[in-house]
Structures are given as structure tokens and as C-alpha cells.
Amino acid sequence: MRKSSPLPREFYAQDTLEVARSLIGKLLVHRIENLILSGFIVEAEAYVGPDDRASHASRGLTRRTAPMFGPPGFAYVYLIYGMYYCFNVVTEKEGYPAAVLIRSLEPHQGIIEMREKRKVTSIKELTNGPGKLCQALGITKDMNGRDLCSSDLWIEEGREPGKIGQGIRIGVHYAREWKDKPWRFFETGSEYLSR
DNA sequence: TATTGGATCGCC
DNA sequence: GCGATCCAATAG
Numbered sequence: 000m001r002k003s004s005p006l007p008r009e010f011y012a013q014d015t016l017e018v019a020r021s022l023i024g025k026l027l028v029h030r031i032e033n034l035i036l037s038g039f040i041v042e043a044e045a046y047v048g049p050d051d052r053a054s055h056a057s058r059g060l061t062r063r064t065a066p067m068f069g070p071p072g073f074a075y076v077y078l079i080y081g082m083y084y085c086f087n088v089v090t091e092k093e094g095y096p097a098a099v100l101i102r103s104l105e106p107h108q109g110i111i112e113m114r115e116k117r118k119v120t121s122i123k124e125l126t127n128g129p130g131k132l133c134q135a136l137g138i139t140k141d142m143n144g145r146d147l148c149s150s151d152l153w154i155e156e157g158r159e160p161g162k163i164g165q166g167i168r169i170g171v172h173y174a175r176e177w178k179d180k181p182w183r184f185f186e187t188g189s190e191y192l193s194r
């Protein structure tokens with residue numbers, strides 16, 4: 000069995016679209032003491048630069064968006080609609096605001112515990128959405144700004160993904176001409192994609 | 001200090 | 001299709 004290790008910071012330092020595409024098939028892991036909760040990434044979206052109106056960073060550097068302007072390989076976690084968290088990985092060089100939103104996972108380790116956290120039994124409903132996967136893996140505001148290269152939350156090599164599809168991002172109708180950018184990547188045919 | 005609205009979800 | 005629920009970002 001190969002020793003698991005976090006992807007290096009250079010992985011995150013690349014072009015954001017490249018990172019988003021490359022993340023499909025990788026394994027997102029959260030270790031809570033002796034418990035391992037993980038899932039293969041099957042869907043991710045890129046939020047790129049200061050002009051992308053769909054991105055929080057288009058409003059500039061604020062308290063909330065600070066992690067997006069920071070160095071690559073760190074987590075950007077925020078509360079949405081007052082009740083769910085969304086998990087992103089910060090990309091590109093420090094000072095350039097960009098990140099990839101992890102939208103859905105194929106559950107791997109800790110499925111019993113994920114069911115308890117999610118209050119649902121169907122495996123397909125555990126992590127098929129950005130808010131759901133944070134709930135399943137126990138990702139909260141506490142992980143905002145966490146270093147994915149040296150903490151209990153990380154991404155490692157997973158499995159070879161199937162065919163990768165590309166399309167427009169979800170839930171960004173307000174983003175004017177940026178709403179139609181095909182910056183969402185997903186594993187075609189996966190049963191674990193978000194709605 | 002007050003108002004607004006959202007990178008969602010689950011139920012009607 | 002719609003309400004829940006709260007905080008950051010703005011406006012005043």
C-alpha cells in the first residue's frame with residue numbers, strides 16, 4: 000500500500016483551470032484524531048482572478064476573501080446561505096485571487112460516520128454537493144486558511160478518473176458575462192455529481 | 001447602525 | 001418552486 004501524502008504546493012501554484020481539471024479523481028481527506036473521512040473528487044469549479052464576477056474576489060481584498068489572495072495550497076472555507084459551508088483550495092501565486100470550489104465527492108473512507116453527520120443513509124446523497132460534502136467530512140469555518148500541505152485536511156493522489164466533462168458553473172446567475180464560462184469540471188457519468 | 005443578498009439544500 | 005438562516009459587504 001502506497002504511503003499517503005499531501006499533494007505538494009507546486010500542484011496548487013499552477014493555472015487554476017489546470018488545477019480544477021487535475022483535481023478530478025484526487026482524494027480529499029480529513030483526519031479527525033484517529034478517524035479518516037475521505038472521498039474522490041468528481042466535480043470542481045474554478046474561480047479565477049480579480050475580474051471574475053462569479054468570484055468573491057471580484058469585490059477586492061476583504062476580511063472574508065483574504066485567503067483567496069494568499070499563497071496556494073491553503074483552504075478557503077466560507078458560510079453560504081447562513082447554514083452551509085463551501086470548501087475551496089487556493090491556487091496560483093500569492094497576490095492573485097483564485098481558487099477551486101470542490102463541488103462533489105465519491106465517498107471513500109468513513110462512510111458510516113458520514114451517514115451520521117449527514118443524517119441520510121443513501122451513499123449517493125452523502126457528498127453530492129459543496130455544502131453536503133463539508134457536512135459529511137466535518138469541514139467548518141475552523142478550516143478556513145488551513146495549510147493543505149501540512150495539516151489534518153489535505154488532498155492526495157487518488158485514482159485514475161474516467162472521462163472528464165466541462166460545463167458552466169452552477170449558481171452564479173448574477174455574474175453577468177462571467178456566468179457562462181465553462182469552468183466546471185466533472186467526471187462524466189459519475190453517480191455522485193451535484194444536482 | 002441598518003439593509004441586502006448569497007459559489008445551497010431539502011422539503012412543499 | 002420556495003423558505004431557512006446568518007454574516008460579510010455595502011450603504012447611510
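Its first residue numbered 0, the first sequence is counted upward by one per residue in numbering that gives the first Met the number 0.
Note that beta-carbon positions come from the ideal geometry of N, C-alpha and C, so glycine has one too.
Could you tell me the boundaries of the beta strand (DSSP E) in which residue i lies?
i           : result
residue 183 : 183-186
residue 165 : 163-166
residue 105 : 97-106
residue 30  : 26-31
residue 37  : 34-47
residue 155 : 152-155
For residue i, I'd like the list of residues in its chain whose CB is within less than 6 Å of its CB, leaving aside the five on either flank, ordered along the chain.
i           : result
residue 72  : 8, 11, 147, 148
residue 142 : 74, 76, 152
residue 264 : Residue 264 lies beyond the range of the chain shown here (0 to 194); nothing can be said about it.
residue 145 : 74, 152
residue 79  : 85
residue 83  : 130
So, for residue i: in the same chain, excluding its five sequence neighbours on each side, which residues have a beta-carbon less than 7 Å away from its beta-carbon?
i           : result
residue 116 : 134, 135, 137
residue 4   : 155
residue 123 : 190, 191
residue 161 : 186, 187, 188
residue 112 : 34, 36
residue 179 : 167
residue 107 : 26, 37, 38, 39
residue 118 : none
residue 177 : 51, 52, 53
Leaving out five residues before and five after residue i in sequence, what residues of the same chain have Cβ atoms less than 8 Å from its Cβ?
i           : result
residue 151 : 29, 30, 31
residue 181 : 165, 166, 167
residue 89  : 11, 66, 67, 69, 70, 71, 72, 73, 74, 75, 97, 98
residue 44  : 19, 99, 100, 102, 168, 169, 182, 183, 184
residue 110 : 122, 125
How about residue i and residue j: do their beta carbons lie closer than 7 Å?
i           : j          : result
residue 46  : residue 37 : no
residue 40  : residue 22 : yes
residue 93  : residue 15 : no
residue 129 : residue 85 : yes
Taking the alpha helix (DSSP H) that residue i falls in, what are its first and last residues?
i           : result
residue 130 : 129-136
residue 53  : That residue, residue 53, is in no alpha helix (DSSP H); it is neither H nor E in DSSP.
residue 16  : 15-22
residue 11  : 8-11
residue 65  : 65-68
Since residue i and residue j are thought to touch, with beta carbons under 8 Å apart, how far apart are those beta carbons, to the nearest angstrom?
i           : j           : result
residue 105 : residue 193 : Contact flag wrong, Cβ pair sits at about 12 Å.
residue 157 : residue 26  : 4 Å
residue 175 : residue 58  : Contact flag wrong, Cβ pair sits at about 14 Å.
In the DSSP output, which residue or residues are listed as bridge partners for residue i?
i           : result
residue 85  : 77
residue 110 : DSSP, once it has assigned bridges, lists no residue as partnering residue 110.
residue 179 : According to DSSP, which records beta bridges pairwise, residue 179 is partnered with nothing at all.
residue 146 : 73
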